[in-house]
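Step one of this worksheet: look at the structure below.
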Amino acid sequence: MSEGTDGAEVISGGYLPIDEEASVRANRSYWDNSAEEYLAEHGTFLGASDFIWCPEGIHESDVHLLGAVDRKQILEVGCGAGQCSRWLAEEGAITTGVDVSAGMLEQASRLQREHPLSTEATPPTFLLADARQLPFASNSFDVAFSSYGALPFVKDAEVVFAEVARVVRPGGQWVFSTTHPMRWMFPDVPGEAGLTVEYSYFDRTPYVELSSTGQPVYAEHHRTMSDWVRLLVTAGFTIDSVTEPEWPEENQKAWGGWSPLRGALMPGTAIFSTTLHKD
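The UniProt record's numbering numbers the first residue of the sequence shown as 1 and each following residue consecutively.
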């Protein structure tokens with residue numbers, strides 16, 4: 001058992017129904033309370049101002065999924081501590097990051113203090129906001145992206161997509177990484193036990209952890225590949241490409257259920273690159 005984010009023991013974790021608001025509350029609390037520990041564990045891998053798409057260690061500087069970013073208005077959805085936005089700022093972008101967790105945004109502020117950007121860069125703006133209610137006027141951004149932010153943790157991803165479609169200018173990009181759908185079939189462990197199918201790919205029941213008081217303290221949601229495609233098309237996006245990163249030989253670091261062992265055999269991440277339809 002582990003400690004829940006409300007200070008109570010997590011006594012159970014499994015596949016349980018949960019509504020939209022309960023999911024957001026649980027994950028806000030989770031990230032508020034684990035932000036410092038998360039950065040202590042993964043901060044070296046993520047860097048202070050670097051753009052890494054996934055636990056495989058794929059850098060935007062190598063894959064250029066956002067293309068040229070100089071002077072573009074770019075929104076990061078679920079920015080966490082803001083490392084990706086900080087890297088983009090160094091590349092000349094005007095960046096804004098939103099996150100539902102005040103704890104993660106405190107870490108973003110800490111990185112800004114301890115690792116200031118160059119004088120040529122415009123520091124990112126970070127705002128506390130729910131990805132389902134973005135606090136921006138329509139057509140405000142050239143590009144929106146998310147590196148494992150928000151989408152795995154919301155039940156109503158269609159609302160997030162609709163909001164992104166609203167704030168991105170027609171012809172703009174929406175690029176996001178998330179857990180590869182096929183991973184849902186396997187236990188979320190890095191070793192041999194994580195190579196045996198135990199769950200149905202088609203079962204969308206969320207994974208939920210409960211505290212000793214019976215309150216949800218973490219929730220993660222599964223969507224099949226066709227679910228993601230349908231959500232994107234319905235929101236008005238054209239899918240330009242889907243990237244399934246192979247595990248780099250030089251990356252020997254396990255991250256939760258992501259590991260060199262599993263990564264050599266199956267994709268752990270899917271990155272969707274899309275364009276908003278022009279009117």
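Using N, Cα and C, we set each Cβ at its ideal position, and we do this for glycine too.
C-alpha gap between residue i and residue j, whole angstroms
i: Asp99; j: Ile239; result: 25 Å
i: Glu140; j: Gly268; result: In the sequence as presented, Glu is not what sits at residue 140; that position holds Ser. Between Ser140 and Gly268, the C-alpha separation is close to 32 Å.
i: Ala129; j: Arg25; result: 13 Å
i: Val154; j: Glu220; result: 7 Å
i: Pro36; j: Glu76; result: The sequence shown places Glu at residue 36, not Pro. Answer to the nearest angstrom: the Cα atoms are 20 Å apart.
i: Val168; j: Val233; result: 15 Å
i: Ser85; j: Gly171; result: 21 Å
i: Leu66; j: Phe176; result: 10 Å
i: Asp50; j: Ser61; result: 9 Å
Integer Cβ distance of residue i from residue j, believed to fall under 8 Å
i: Leu195; j: Phe186; result: 7 Å
i: Thr178; j: Leu210; result: Their Cβ separation, rounded to whole angstroms, is 24 Å, which puts Thr178 and Leu210 out of contact at 8 Å.
i: Ile271; j: Trp31; result: That belief does not hold up - the Cβ atoms of Ile271 and Trp31 are roughly 22 Å apart, past 8 Å.
i: Val208; j: Tyr199; result: With a Cβ gap of about 14 Å, Val208 and Tyr199 do not count as contacting.
i: Ala157; j: Arg223; result: 7 Å
i: Gly257; j: Asp188; result: 4 Å
i: Ala93; j: Val69; result: 4 Å
DSSP three-state assignment for residue i, whether helix, strand or coil
i: Glu244; result: coil
i: Gly103; result: helix
i: Ser200; result: coil
i: Pro216; result: strand
i: Phe186; result: coil
i: Glu249; result: coil
i: Phe51; result: coil
Spatial neighbours of residue i in its chain, beta-carbon cut-off 7 Å, leaving aside the 5 residues before and after
i: Leu39; result: Ala81 and Gln107
i: Ala89; result: Thr95, Leu117, Ala121, Thr122, Pro123 and Pro124
Other residues of its chain near residue i: CB distance less than 6 Å, five sequence neighbours each side excluded
i: Asp6; result: The predicted model places Asp6 with a pLDDT of 42, which falls under 50 and marks its position as unreliable, so this point remains unresolved.
i: Thr125; result: Thr96
i: His277; result: Gly236
- 3 or more residues per run - each beta strand (DSSP E) lying fully within the UniProt domain "Methyltransferase type 11" (75-175): 94-99, 125-128 and 141-147
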